[in-house]
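Single-structure report; data block below.
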Amino acid sequence: MSTSHGVDGDPPLLSMRGIVKLFPGVRALDGVDLEVRAGEVHCLLGQNGAGKSTLIKTLAGAHQPDAGRILWRGEPATLASPIAALRLGIATMYQELDLIGSLSVAENVFLGHERSRYGFTRPAVARAQARGLLARLGHPEIPAETEVGRLSAAGQQLVSMARALAHDAQLIVMDEPTAALASDEVDNLFRIVEELTESGVAVVYISHRLEEIRRVGHRVTVLKDGRTVASNLDARGTSTADLVDLMAGRRVEIAFEAARSATVEFGPEVLRVGGLSRIGEFADVSFSVHAGEIVGIAGLVGAGRSEILETIFGARKPHAGTVSVNGKKLRAGSVASAVRAGVGLAPEERKSQALLLDMSVAHNVTLASLHAYSSAGFTRRGKELHDSVSTLERLDLRPADPRRIIRTLSGGNQQKAVVAKWLVHGCRVLLLDEPTRGVDVGARADLYQLIHELAANGVAIVLVSSEVPEVLGLSDRVLVLRDGEVLAEGPAAELSEADVLDMVMEGSAA
Ligand SMILES: Nc1ncnc2c1ncn2[C@@H]1O[C@H](COP(=O)(O)OP(=O)(O)OP(=O)(O)O)[C@@H](O)[C@H]1O
Ligand SMILES: [Mg+2]
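Just so you know, we're using numbering that gives the first Met the number 0 here: the sequence shown kicks off at 0 and counts up by one.
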């Protein structure tokens with residue numbers, strides 16, 4: 000098939016052939032082929048653990064392949080290190096951002112920089128250039144001298160992109176770039192991707208959201224179990240059913256369960272949040288959740304959603320207001336008090352908050368419930384393993400080995416471990432912050448079902464998600480949040496996606 004991108008007969012910009020990558024006990028890549036042309040958005044699709052991130056890490060020079068060949072503009076290339084890849088013109092925006100939090104925006108943008116068209120390292124010049132790049136990316140307000148660690152995930156991603164531009168990258172790899180973005184930020188990202196490809200830059204784009212692939216993608220390569228199972232498919236012309244079949248090797252039900260009926264009977268009130276406020280974050284938030292009810296919070300990233308969940312959990316101290324569980328007030332700002340009352344939080348940032356990366360899956364999953372498993376001061380490993388294994392099986396965690404060290408799992412499988420931890424714990428109140436981030440379509444359906452089952456067993460659930468259809472599809476009741484204030488509250492069945500988007504977007508509130 001020929002496209003308008005690149006002249007037929009020219010070698011592709013990048014060609015990877017028969018790439019193999021072994022880890023102890025795992026064949027992460029087992030002969031992958033990938034071909035990318037200048038000026039195209041080439042999408043990589045595949046289930047959690049299929050090998051997408053591993054493939055792009057070999058492309059980024061972060062992993063060395065055990066076999067296979069890489070051709071860059073038709074010439075054999077060795078990508079010995081990330082700096083070497085960057086100098087060749089390959090820049091990567093990782094799934095877990097790799098910026099240095101304690102350095103400034105400008106320092107991060109020009110990290111490892113040498114002999115580019117900017118050719119310098121003077122701080123004032125670097126700051127000015129970084130400012131120019133951020134302006135080009137539509138965000139002139141990000142200060143070049145700020146520590147990167149203080150920026151939001153969206154801000155950090157822009158810095159990562161500015162770094163790619165600063166190095167004149169000809170190929171930019173984006174590993175799940177929209178996972179941390181709100182819808183207006185996604186629009187901005189796609190605008191940038193379009194501008195880049197029009198100027199001949201190629202983009203390798205990884206996402207579990209098929210609608211994004213339709214929107215920005217040109218061609219698609221599908222990976223399964225470390226192998227290429229289909230390549231160079233038309234991103235718009237290939238049906239969803241075909242793509243999902245290729246990824247899964249089986250038919251997967253990807254539709255949402257029908258919105259829950261409004262006639263579900265709930266139990267007594269379990270969680271009550273009254274007038275909760277934190278200056279600069281959110282103000283006067285009040286709502287209650289009954290046993291068996293799922294309350295969704297919709298709003299843009301930065302609207303204060305995560306802060307509200309963390310305050311309920313006691314990880315942040317409110318300036319005003321109260322949280323009660325079963326009519327009993329929790330001690331403000333005390334996680335211990337919340338956990339004792341049966342509150343669990345599956346937080347949004349799995350790496351920094353939720354997981355001990357160098358411990359096993361089993362250890363991480365049972366972390367929250369150690370008291371339930373310890374008798375006379377030692378942990379009953381048998382029960383611990385048994386409970387986590389059955390939950391992990393339900394979520395299709397791969398590999399299904401609870402002794403695996405978390406760090407060696409794929410991104411989506413780490414996310415499943417975060418959620419599994421609270422499913423095993425047996426909470427009365429479960430706070431879920433972006434529970435399906437990075438989780439593939441098949442596992443998503445399993446996760447939705449588990450959440451519904453928990454509710455059916457009487458757990459009170461609060462759900463935050465940037466994906467409005469997910470909030471509407473999973474919840475019984477929805478709170479719409481903007482700039483830290485509750486704008487509206489109502490049954491999910493009576494709200495449409497357009498209503499919610501209208502409300503959360505600036506300036507268009509009813
Ligand atoms: N450092 C490592 N050590 C051992 N195994 C690893 C390591 N990194 C990845 N793996 C394994 O390689 C396989 C592929 O993982 P990879 O992260 O590439 O998947 P992915 O397609 O990016 O998945 P996701 O959609 O969940 O991000 C998985 O089985 C994973 O557990
Ligand atoms: Mg990945």
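In this text, a Cβ means the ideal position worked out from N, Cα and C, and glycines have one as well. Computed from a predicted model, the values in this text were never measured in an experiment.
- Task: With distances taken Cα to Cα, identify the nearest neighbour of ASP174 among LEU110, HIS41, LEU87 and LEU275.
- Result: It is HIS41 whose Cα lies nearest to the Cα of ASP174.
- Query: Buried or exposed: HIS385, going by 16 or more other Cβ atoms within 10 Å of its Cβ?
  - Reply: Taking every protein chain shown into account, the CB of HIS385 has fewer than 16 other CB atoms within 10 angstroms, so this residue is exposed.
- Item | Three-state class that DSSP yields for HIS385 in the structure shown | Here HIS385 sits in helix by DSSP.
- Looking at SER409 and ligand 2, is the gap between the Cβ and the nearest heavy atom below 7 Å? Yes, Cβ of SER409 sits closer than 7 Å to a heavy atom of ligand 2.
- Message: Three or more C-beta pairs under 8 Å: does that hold for the segment 445–464 against the segment 412–423?
- Response: Touching, yes, given that three or more Cβ pairs across the two stretches are closer than 8 Å.
- Nearest-angstrom Cα separation, counted from SER323 out to ARG213: Linking ARG213 to SER323 through their CA atoms gives a straight-line distance of about 45 Å.
- Query: From ASN187 to GLU264, what distance separates their C-alpha atoms?
  - Reply: Distance between the alpha carbons of ASN187 and GLU264 is about 42 Å.
- Item | Inter-residue Cα distance where the pair is VAL202 and ILE99 | Between the alpha carbons of VAL202 and ILE99 lies a gap of roughly 24 Å.
- Message: My assumption, with CB atoms under 8 Å, is that ARG403 sits in contact with ASN47. Please give the rounded CB distance.
- Response: The pair is not a contact, with the Cβ atoms about 14 Å apart (cut-off 8 Å).
- Task: Grab the span of the alpha helix (DSSP H) containing THR435 for me, first residue to last.
- Result: Taken as a continuous stretch (DSSP letters only), THR435 belongs to no alpha helix (DSSP H), as it is neither H nor E.
- Query: Do the CB positions of VAL215 and THR237 come within less than 8 Å of each other?
  - Reply: Not a contact, by the Cβ cut-off of 8 Å.
- Which residue spans inside the segment 134–165 form an unbroken alpha helix (DSSP H) run of at least 4? Note on the segment 134–165: whole alpha helix (DSSP H) runs with a minimum of 4 residues are 152–165, in chain order.
- Between the C-alpha atoms of VAL418 and PRO401, what's the straight-line distance to the nearest angstrom? Approximately 14 Å between the Cα atoms of the pair.
- Can you find a heavy atom of ligand 2 that lies under 7 Å from the Cβ of ASP224? No, Cβ of ASP224 sits at least 7 Å from all heavy atoms of ligand 2.
- Message: Using a 10 Å radius around the Cβ and a threshold of 16 neighbouring Cβ atoms, would you call PHE281 buried or exposed?
- Response: With 16 or more Cβ atoms within 10 Å of its Cβ, PHE281 is classed as buried.
- Item | Cα-Cα separation, ALA127 to ALA61 | Roughly 30 Å separates the two Cα atoms.
- Query: What does a CB cutoff of less than 8 Å around PRO490 pick up in its chain, not counting 5 residues either side in sequence?
  - Reply: Once the five neighbours on either side are set aside, the close Cβ partners of PRO490 are ALA261, ASP475, ARG476 and VAL477.
- Shortest alpha-carbon distance to VAL511 belongs to which of GLY45, GLY50, GLU146 and LEU44? With the chain running from 0 to 509 in the structure shown, residue 511 is simply not present.
- DSSP three-state assignment for SER465, whether helix, strand or coil: Annotated three-state conformation of SER465 is coil, per DSSP.
- Message: Output needed for PRO81: all residues of its chain with C-beta closer than 6 Å, excluding positions within five of it in sequence on either side, in chain order.
- Response: Excluding sequence positions up to five before and after PRO81, its CB lies within less than 6 Å of the CB of ALA59, GLY60 and ALA61, all in the same chain and listed in chain order.
- Pick from SER464, ILE69 and PRO23: whose alpha carbon is nearest that of PRO11? Considering only alpha carbons, the answer is ILE69.
- Message: Using only CA atoms, which one of SER151, LEU408 and GLY341 lies nearest to GLY326?
- Response: When only C-alpha atoms are compared, the closest one is GLY341.
- Item | Test item: CB-CB of LEU9 and GLY88 under 8 Å | Rather than Leu, the amino acid found at residue 9 in this sequence is Asp. No, the pair does not count as a contact, with Cβ atoms beyond the cut-off.
- Could you tell me which uninterrupted beta strand (DSSP E) segments, each at least 3 residues in length, are contained entirely in the segment 280–339, listed from first to last along the chain? Listed in chain order, the complete beta strand (DSSP E) runs (minimum 3 residues) inside the segment 280–339 are 281–289, 293–297 and 319–324.
- Message: Tell me the residue span of the beta strand (DSSP E) that contains PRO490.
- Response: First-last of the beta strand (DSSP E) with PRO490: 484–490.
- Cβ-heavy atom distance, ALA152 to ligand 1, below 7 Å: For ALA152, the CB stays at least 7 Å from every heavy atom of ligand 1.
- Task: With DSSP as the reference, label PRO122 as helix, strand or coil.
- Result: Residue state, collapsed to three classes: helix.
- Do you know offhand how far ARG339's Cα is from ILE311's? CA-CA distance, ARG339 to ILE311, rounds to 13 Å.
- Message: Is ASP174 near ligand 2 - that is, is its Cβ less than 7 Å away from at least one heavy atom of it?
- Response: Yes.
- Item | One or two residues paired with ARG443 in a DSSP bridge | Partner(s): none; ARG443 has no beta bridge.
- Item | Beta-carbon spacing of ALA454, LYS415 below 8 Å | No, the Cβ-Cβ distance between ALA454 and LYS415 is not below 8 Å.
- Query: If you pair each beta-carbon of the segment 388–395 with each one of the segment 22–33, do three or more pairs fall below 8 Å?
  - Reply: No contact exists between the segment 388–395 and the segment 22–33.
- Helix, strand or coil: how does DSSP classify ALA84 here? In the structure shown, ALA84 sits in a helix (DSSP, three-state: H, G or I).
- Message: Cutting at 7 Å between CB atoms, please list the residues of its own chain near GLU252, excluding the five before and the five after it.
- Response: Note that GLU252 scores a pLDDT of 49, beneath 50, so its modelled location is shaky; the value from the coordinates is reported in the next line. Scanning its chain for C-beta atoms nearer than 7 Å, with the 5 sequence neighbours on each side dropped, one finds around GLU252 the residues ALA444, in chain order.
- If you draw a straight line from the C-alpha of ARG526 to the C-alpha of ALA229, how long is it? The displayed coordinates of the chain run from 0 to 509. Any statement about residue 526 would go beyond what the structure contains.
- Query: What residue from SER495, ILE191 and ARG315 has the CA that sits closest to GLY38's CA?
  - Reply: Checking every option, the nearest Cα to that of GLY38 belongs to ILE191.
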